[in-house]
Amino acid sequence: MSAITPSAQVRPGRNLKWAAAGLGAAAVGAWWMSDSAPYPYSQHRLLDLPLPFLTLRRLDGVLEARRSERVLEIGPGTGLQSLHVAPQVEQLDIVDVQQEMLDHVMCRAKERHIANIVPTLADAHQLPFADGTFDAAYLVTALGEIPDPVLTLSQLRRVLKPGGRLVVGEFFDRHQVRPAHLIGHAGAAGLRVSRFVGPAFAYYARLHPSTT
Ligand SMILES: C[S@@+](CC[C@H](N)C(=O)[O-])C[C@H]1O[C@@H](n2cnc3c(N)ncnc32)[C@H](O)[C@@H]1O
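Using the working numbering, read the sequence shown as starting at 802 and increasing by one per residue.
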């Protein structure tokens, strides 16, 4: 019978750690590759986890919402941003292609006695609002999963008041609209990016209707 050396004794633990790391990496890779759009409601619990850098505090700093304003949010998911922004404004309109997402937000809003959120089931490619309706609009980790980002940004520009502002938040995943692409899409939609906040893999951008 051969003697077990000290290094052989610690190897199983090490191997387990490597196996766990490999499985973790494979899971992240599988999620990254299979990440579908629109975001499936069945995975809604993940949406409640705050994303690094795309914090609500940063959103506040870029959006600068005011009490008298009517604000539009596209793709609220389970309401991570909606429930935070609604108490700061007069009315928050939320638009989503999935009724389950809208119902989820409205249920949470009711629990918190937030009564100024108005849900609309619609596609961001065709917003059912009159021109110049909103003081501001925002969408967080949503633009990248909407098939036509230029059409979406054009629609957002149309429903914004001339001096309005739009905030786009994007996180590094398979659908992310990279900052350089956002600048291009914005230009094509009659918007200009005035600033970026945060690192390129998790940024907020502030946009305004172009004046020319
Ligand atoms: C990844 S979730 C983001 C949710 C939330 N903003 C957050 O950061 O937790 C994207 C949301 O965009 C919505 N969405 C996807 N395509 C859309 C479209 N064409 N029009 C409107 N909403 C859309 C999805 O249903 C989903 O609620």
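Note that CB positions come from ideal geometry on N, CA and C, so glycine has one too.
Identified DSSP bridge partners for residue i
i, result
"F972", "A1003"
"R993", "H1009"
"E874", "I895 and Y939"
"R858", "For R858, which the question treats as bridged, DSSP gives no partner whatsoever."
"P920", "I895"
Option nearest residue i by Cα separation, candidates the options
i, options, result
"D974", "E891, S843, R846 and L852", "L852"
"R867", "G965, D849 and L928", "G965"
"L848", "H905, R996, A910 and G933", "H905"
"R993", "A1001, A1003, P1000 and P963", "P963"
"V969", "L873, I895 and R1007", "R1007"
"R858", "H885, D897, V898 and F1002", "H885"
"L893", "M907, Q899 and E874", "E874"
"R927", "V941, P1000, G862 and D949", "The sequence shown places Gln at residue 927, rather than the Arg named in the question. If we check each option's Cα against that of Q927, D949 comes out closest."
"E971", "L850, R846, S995 and L855", "L855"
"A990", "L922, R909, V998 and S955", "S955"
"V896", "G878, Y1005 and V951", "G878"
"R909", "Q882, G933, T921 and L922", "Q882"
"G933", "V960, T921, I947 and V951", "V960"
"M1005", "I947, V941 and A981", "One point to set straight first is that residue 1005 is Tyr, not Met, in the sequence displayed. Among I947, V941 and A981, the Cα nearest to that of Y1005 is on V941."
"E891", "M907, V872 and G876", "V872"
Cα-Cα separation, residue i to residue j
i, j, result
"R958", "E912", "33 angstroms"
"G945", "G880", "18 angstroms"
"V919", "S1011", "28 angstroms"
"L967", "T953", "12 angstroms"
"Q889", "P929", "24 angstroms"
"Q900", "D924", "11 angstroms"
"A887", "A916", "9 angstroms"
"H914", "L864", "23 angstroms"
"A943", "E870", "22 angstroms"
"A931", "H1009", "18 angstroms"
"V998", "H845", "26 angstroms"
"P1000", "R979", "11 angstroms"
"M902", "A1003", "23 angstroms"
"A981", "S995", "13 angstroms"
At least 3 beta-carbon pairs within less than 8 angstroms: the segment 973-988 vs the segment 924-940: At 8 angstroms Cβ cutoff, the stretches do not touch.
Any 3 or more C-beta pairs closer than 8 angstroms across the segment 984-998 and the segment 836-843: Because the criterion of three Cβ pairs below 8 angstroms is not met, the segment 984-998 and the segment 836-843 do not touch.
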